[in-house]
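Enquirer: There's a structure below that I have some questions on.
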Amino acid sequence: MPSKFRKAIWIRRGQFVVLRPIEEGDKVKAEIEHVLDEENVLYIRSMKKWPTRFEDQARMMTRDAKRGGKGEDAMIDDDMLPPSDSDEYESSVEQSDDGEEGDISSGDSDDDGHNANLRQYNPNRVKAPTNT
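Heads up, the sequence shown is in the UniProt record's numbering, so the first residue is 1 and it goes up one at a time.
In structure tokens, the structure reads:
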């Protein structure tokens, strides 16, 4: 590490440091190679290369430990899931002024599977199209 950076390194609580032993000085016995933050530790742990003696500290960095989950059986946060169809349906009903349902398409269907009267609902419009 260049000498101008040797006194300007900040290490937060919870970070790990990878050191390389050196024989340059009397007081300095090692040089900092890498500062590992939470993301680096979790990546190394997922690659199964994390030392077992530090496993307890690495386990505390996981999302389950922070949430207080019991492990694999814990529920997934709602913000990590995509929106469901029922959420989209509820938002389209709330946007309509007349209280009409926001059907995506309606009409009679042929035996071939083609729709003769195909109406499409655009959620950017104020209200759903009427049957004309």
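Idealized CB from N, CA, C, for every residue including glycine.
Using C-beta distances below 7 Å, list every residue in its chain close to residue 20, excluding the 5 sequence neighbours before and after it, in chain order.
Expert: Start at 1 with the first residue of the sequence shown, and residue 20 comes out as number 20. The answer, listed in chain order, is 30, 31, 33.
Enquirer: Note down, in chain order, each residue of its chain lying with its Cβ closer than 7 Å to the Cβ of residue 12, except the 5 sequence neighbours on either side.
Expert: Along the sequence shown, one-based indexing puts residue 12 at 12. Cβ within range, chain order: n/a, list empty.
Enquirer: Rounded to whole angstroms, what is the Cα-Cα separation between residue 58 and residue 85?
Expert: One-based indexing of the sequence shown puts residue 58 at position 58. One-based indexing of the sequence shown puts residue 85 at position 85. C-alpha separation (whole angstroms): 37 Å.
Enquirer: Under three-state DSSP, which class holds residue 200?
Expert: An answer regarding residue 200 cannot be provided, because it is not within the stretch 1 to 132 covered by the chain.
Enquirer: Less than 8 Å separating the beta-carbons of residue 42 and residue 61?
Expert: Stepping through the sequence shown from its first residue, residue 42 is reached at position 42. Stepping through the sequence shown from its first residue, residue 61 is reached at position 61. Contact: yes.
Enquirer: Along the chain, where does the alpha helix (DSSP H) containing residue 59 start, and where does it finish?
Expert: For the purposes of this step, residue 59 is identified with residue 59 of the sequence shown, where counting begins at 1. Where residue 59 is concerned, the enclosing alpha helix (DSSP H) stretches over 55-59.
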